[in-house]
Amino acid sequence: MWTLLLVTLPTQPGAVRLRIWRSLKALGCASPRDGAYVLPADHDAAFGEIAAEVLQHGGTASVFELGTREPQQQDELLAQFSRAEAYAQWRESGEAVRGELAALTETDARRWLR
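In this note's numbering, the protein residues as written are 108 to 221.
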């Protein structure tokens with residue numbers, strides 16, 4: 108089972124939109140389309156809090172519990188939560204920095220740390 112949050116926010120104030128977006132991003136939501144956010148069903152309380160904030164600022168928000176009809180839909184939804192590509196990029200960046208640091212002299216490394 109999944110929890111779906113549908114939101115529409117007023118265009119102003121922008122700070123509210125940004126705060127809501129950051130909250131959703133921090134939760135790791137899948138977003139199959141604008142204004143629609145999905146998490147496993149055990150996260151419905153978090154969506155409830157975000158929905159309350161959206162409503163408080165003049166937006167609309169609805170939280171639904173849903174399931175998928177076909178195994179393929181389930182697989183597609185699960186794929187939206189995959190972070191393998193992001194982890195691979197992070198690892199490549201870390202390895203590049205590690206290589207750069209290994210090439211530094213001790214003096215240059217100390218300067219770099221300052």
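The C-beta atom is built at its ideal place from N, Cα and C for all residues, glycine as well. Since we're looking at a predicted model, the values are computed, not measured.
Outcome for residue i when other beta-carbon atoms lying within 10 angstroms are tallied against a minimum of 16
| i | result |
| --- | --- |
| F154 | buried |
| L146 | buried |
| V204 | exposed |
Whether residue i touches residue j by CB criterion (8 Å)
| i | j | result |
| --- | --- | --- |
| I157 | L131 | yes |
| T167 | T110 | no |
| H150 | L134 | yes |
For residue i: DSSP bridge partner residues
| i | result |
| --- | --- |
| W219 | None; W219 has no bridge partner. |
| T115 | T167 |
| T110 | L146 and E172 |
Neighbourhood of residue i by C-beta, 6 Å cutoff - its chain only, sequence neighbours within 5 removed
| i | result |
| --- | --- |
| Y144 | L112, L131, C136 and S138 |
Mind listing, in chain order, the continuous beta strand (DSSP E) runs of no fewer than 3 residues lying wholly within the segment 118 to 198?
137 to 140, 143 to 147 and 167 to 173
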